[in-house]
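These notes concern the structure reproduced below.
Given below as C-alpha cells:
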C-alpha cells in the first residue's frame, strides 16, 4: 500500500515538473521594448579622418627622436606668435602625438612634443598659423607656460609693438601712462 502513492508520484512527475519549472517568478515584469535605433550601427564618414580608427584610450608607443645633451631652452628659436597661440589654445599639438624629443643633459632636462612637416594633421591650428615645411617643438602644450620652438634656420614671426600682445609699446609716453594707471589702483 505504501508503494502505490510513491509509484503514482514517480509516474506523474514528468507531467507536472516541466510546467512548474517554466512559470515566471512572482515579481517578473516584461522587459521594455527596444528603442527605435536599436540594432542600427553608426555610419562612418565617407572619408578617412586622421584618428578615425584609433581606440578610445591611446596605447600607442612613444616615438623618441635621438636625445640631446644641451638644455631645452637653448634648442631652436622661440616663436612668440606661435607661443602666444599655444598659451591661448589656438596652436597646440594633440595629446595623441607620441613623437618626442628628450633633453637629457645635466641641466635643462625636458621632453618636447614634435610635429614634423608631414604630420601637421597632429596640430590644432584654428588660426592657420602653421607653415609648410616647418617642424614645431612644443614644451608644455596648452598650458599657461607653453612654448613653441622652431629650427634655428626658420624665420620667426613677431608681434608689432602694442598689437597682438598684452605688452605696451616701448614709447616713453605709453609707459608713463601705464605706470600712472598702475599707481592709481587702490592700495590695501
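In our numbering, the protein residues as written are 20 to 207.
Using N, Cα and C, we set each Cβ at its ideal position, and we do this for glycine too.
Because the structure is a prediction, the values reported are computed rather than measured.
Asked	Found
Neighbourhood of residue 106 by C-beta, 7 Å cutoff - its chain only, sequence neighbours within 5 removed	163, 165
Span of the alpha helix (DSSP H), counted from its first residue to its last, around residue 2	Here the chain covers residues 20 to 207 and nothing more, so residue 2 does not appear.
DSSP three-state assignment for residue 191, whether helix, strand or coil	helix
Cβ-based neighbour list, residue 123, same chain, cut-off 6 Å, excluding 5 preceding and 5 following	86
Helix, strand or coil at residue 202 according to DSSP, with G and I counted as helix	helix
Three or more C-beta pairs below 8 Å linking the stretch 192–206 and the stretch 114–133	no
8 Å contact criterion, which residue 176 and residue 98 should meet: CB distance rounded	6 Å
Beta-ladder partner(s) of residue 93, from DSSP	Residue 93 is not bridged to any residue.
Cα-Cα separation, residue 112 to residue 46	55 Å
Residues near residue 246 by beta carbon distance below 7 Å, same chain, minus five either side	Nothing can be reported for residue 246: it is not among the residues displayed for the chain, which extend from 20 to 207.
Alpha-carbon spacing of residue 171 relative to residue 95, whole angstroms	5 Å
Residue 81, buried or exposed, once every other Cβ within 10 Å from all chains shown has been counted against 16	exposed
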